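Numbering (the numbering used here), first residue to last: 45 to 422. C-beta: ideal position from N, C-alpha, C; glycine also. As the structure is a prediction and not an experimental result, all values here were calculated from the model. Quick notes on the structure that follows.
Below, the structure written as structure tokens:
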């Protein structure tokens, strides 16, 4: 069997030219490896207008559930939700509910009235709306700046549709869960995932107004798209203060552990600090940062992950979430580490190449650490 997570057709933020749920889009599709035939599929986002493609690879796991061992596949999503299926039949391991979501899209849009939500595990990121009172600030003046930006925008929680006035999409199109996916410990039945909670602004612009808005330089930090063939252009940007901090409440990046037998979150900890990132007058706070890459889990019960903007590789105790070690890298660790044995000793290695979008130090390093602690390998 081949398991394929999919995205949707262009454009990302307007679906008026593609009515319906858009079958096979934003879905986990299982193919027969011998013939290419579809064995089963499950759509995790109906009629996507949020850029909520499935960017992470599926994870295969044998789950102990209701007294049986189920051959499962776990799919992490940009919405911060884990969907779990029997990988042979496609049946959900944890039930999926269709829940009402915000409506009132732009003229010509065909929003789905409901979206699928797993009853367990709970979302790993907040799905709540964001208001002026929720604005984050490193200092009072940038908190005020965030509140000023939030005030005119639409925010109804997850699946708020893009709008002409501008909508806050939270979690943003970076996730939730993104590249790197999740790691799974088959002995402890624990899944570990890195998540982001960075709200973004998406605004649809009438076709006849797009050129003038773009040339006005009113939004110097926005990305614009023509969305050719539709009535609307689009602009999008991270919702950030003038100091470069997200306007959403910290922690912005987290590492989460989930008991996949019970479908419960075991722990969540901030992942990354603002070391070397914030102005000199701001203390080095553990706020969790943006990043790309995933975790690995060793048999000894350690979760290793890089990804954060402060260029550290970290190890966490799988039972408690306590950070037990970190090592500074010469460039950004926006990659998933791996582990191997050589001459009886265990090592962890990561490619430290940085990432221009994340804004970390660029390089071409491969960095290796030994896992010996008190004479025991982990």
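Short check: CB of residue 103 to CB of residue 224, under 8 Å?
Along the chain shown, read from residue 1 onward, the residue named residue 103 stands at position 59. Along the chain shown, read from residue 1 onward, the residue named residue 224 stands at position 180. Result no, Cβ atoms of residue 103 and residue 224 do not sit closer than 8 Å.
Below 8 Å between beta carbons: does that hold for residue 379 and residue 409?
For this step, residue 379 is matched to residue 335 along the chain shown. For this step, residue 409 is matched to residue 365 along the chain shown. Result no, Cβ atoms of residue 379 and residue 409 do not sit closer than 8 Å.
If you draw a straight line from the alpha carbon of residue 191 to that of residue 73, how long is it in whole angstroms?
Here residue 191 is taken as the residue at index 147 of the chain shown, counted from 1. Here residue 73 is taken as the residue at index 29 of the chain shown, counted from 1. Cα to Cα, the separation comes out at about 41 Å.
Alpha carbon to alpha carbon, how far is residue 185 from residue 252? Give it in angstroms, no decimals.
Here residue 252 is taken as the residue at index 208 of the chain shown, counted from 1. Here residue 185 is taken as the residue at index 141 of the chain shown, counted from 1. Taking the straight line from one Cα to the other gives about 36 Å.
Considering only DSSP beta bridges, list what residue 260 is partnered with.
Reading the chain shown from its first residue, position 216 is the one you call residue 260. Paired residues: none, contrary to the question.
For residue 420, does the count of other Cβ atoms within 10 angstroms reach 16, so buried, or fall short, so exposed?
Walking along the chain shown from the start, residue 420 turns up at place 376. Low per-residue confidence applies at residue 420: pLDDT is 44, beneath 50, and the placement is therefore not dependable, though the value from the model is reported in the following sentence. Residue 420 comes out exposed.
How many Å lie between residue 330 and residue 319 at the Cα?
For this step, residue 330 is matched to residue 286 along the chain shown. For this step, residue 319 is matched to residue 275 along the chain shown. Rounded to whole angstroms, residue 330 to residue 319 spans 9 Å at the Cα level.
Is residue 98 closer than 8 Å to residue 158 when the C-beta atoms are compared?
The residue labelled residue 158 in the question sits at position 114 within the chain shown. The residue labelled residue 98 in the question sits at position 54 within the chain shown. No, the pair does not count as a contact, with Cβ atoms beyond the cut-off.
Assuming residue 243 contacts residue 283 under a Cβ cut-off of 8 Å, what Cβ separation, rounded to an integer in Å, is found between them?
What you label residue 243 is simply residue 199 of the chain shown in a count that begins at 1. What you label residue 283 is simply residue 239 of the chain shown in a count that begins at 1. That belief holds up - the Cβ atoms of residue 243 and residue 283 are roughly 5 Å apart, short of 8 Å.
So within the segment 151–200, which uninterrupted alpha helix (DSSP H) runs reach at least 4 residues, ignoring any that extend past its ends?
Correct list: 184–194.
If we ignore side chains and look at the alpha-carbon of each, how far apart do residue 264 and residue 211 end up?
As a first step, residue 264 must be located in the chain shown, where it is residue number 220. As a first step, residue 211 must be located in the chain shown, where it is residue number 167. Those two C-alpha atoms are separated by around 18 Å.
Check whether the segment 194–214 and the segment 141–148 touch, using three or more Cβ-Cβ pairs below 8 Å as the test.
Verdict: yes, contact present.
Taking the alpha carbon of residue 181 as the point to measure from, which residue in 64, 343 and 293 has its own alpha carbon closest?
The sequence position of residue 181 within the chain shown is 137, counting from 1. Cα-wise, what sits closest to residue 181 is 293.
Could you name the residues that DSSP lists as bridge partners for residue 141?
Numbered from its first residue, the chain shown carries residue 141 at position 97. DSSP, once it has assigned bridges, lists 161 as partnering residue 141.
CB residue 230 to CB residue 209, shorter than 8 Å?
For the purposes of this step, residue 230 is taken as residue 186 along the chain shown, with counting starting at 1. For the purposes of this step, residue 209 is taken as residue 165 along the chain shown, with counting starting at 1. Going by C-beta atoms, residue 230 is not nearer than 8 Å to residue 209.
Where does residue 56 land, buried or exposed, given buried means 16+ other C-beta within 10 angstroms?
Residue numbering aside, residue 56 sits at position 12 when the chain shown is read from its first letter. Burial call: buried.
Between the beta-carbon of residue 267 and the beta-carbon of residue 280, is there less than 8 Å?
Numbered from its first residue, the chain shown carries residue 267 at position 223. Numbered from its first residue, the chain shown carries residue 280 at position 236. The answer is yes: Cβ separation under 8 Å.
What are the boundary residues of the beta strand (DSSP E) that includes residue 356?
Numbered from 1 along the chain shown, position 312 holds the residue referred to as residue 356. Counting along the chain, the beta strand (DSSP E) containing residue 356 begins and ends at 356–361.
Could you tell me the boundaries of the beta strand (DSSP E) in which residue 295 lies?
Here the question's residue 295 lines up with position 251 in the chain shown. Here residue 295 belongs to no beta strand (DSSP E), and DSSP marks it neither H nor E.
Hey, out of 125, 247, 308 and 260, whose CA is closest to residue 215's CA?
For the purposes of this step, residue 215 is taken as the residue at position 171 of the chain shown. Measuring from the Cα of residue 215, the nearest candidate turns out to be 125.
Below 8 Å, can you find three or more Cβ-Cβ pairs linking the segment 287–306 to the segment 78–87?
Result no; under three Cβ-Cβ pairs closer than 8 Å.
Return helix, strand or coil for residue 104, following the three-state DSSP convention.
The residue labelled residue 104 in the question sits at position 60 within the chain shown. It is a strand residue.
Measure from the alpha carbon of residue 141 to the alpha carbon of each residue in 175, 162, 119 and 232, then state which is nearest.
Indexing the chain shown from 1 puts residue 141 at position 97. Residue 162 is the option with its Cα nearest to residue 141.
To the nearest whole angstrom, what separates the beta carbons of residue 391 and residue 372, a pair I think is in contact under 8 Å?
Reading the chain shown from its first residue, position 347 is the one you call residue 391. Reading the chain shown from its first residue, position 328 is the one you call residue 372. So it is not a contact: roughly 18 Å between Cβ atoms.
Kindly list the residues whose CB is nearer than 8 Å to the CB of residue 71, restricted to its own chain and excluding five residues on each side of it in sequence; keep chain order.
Within the chain shown, residue 71 is the residue found at index 27, counting from 1. So the qualifying residues of the chain are 49, 50, 85, 86, 87, 88 and 98.
Flag this pair as yes or no: are the beta carbons of residue 238 and residue 335 separated by less than 8 Å?
To locate residue 238, count along the chain shown from 1; it is residue 194. To locate residue 335, count along the chain shown from 1; it is residue 291. In this structure, residue 335 lies closer than 8 Å to residue 238 by Cβ.
Which same chain residues end up closer than 7 Å to residue 65 when comparing Cβ atoms and leaving out the 5 residues on each side of it in sequence?
Your numbering for residue 65 matches position 21 in the chain shown. For residue 65, where only same-chain residues beyond five positions count, the Cβ hits under 7 Å are 87, 90, 91 and 156.
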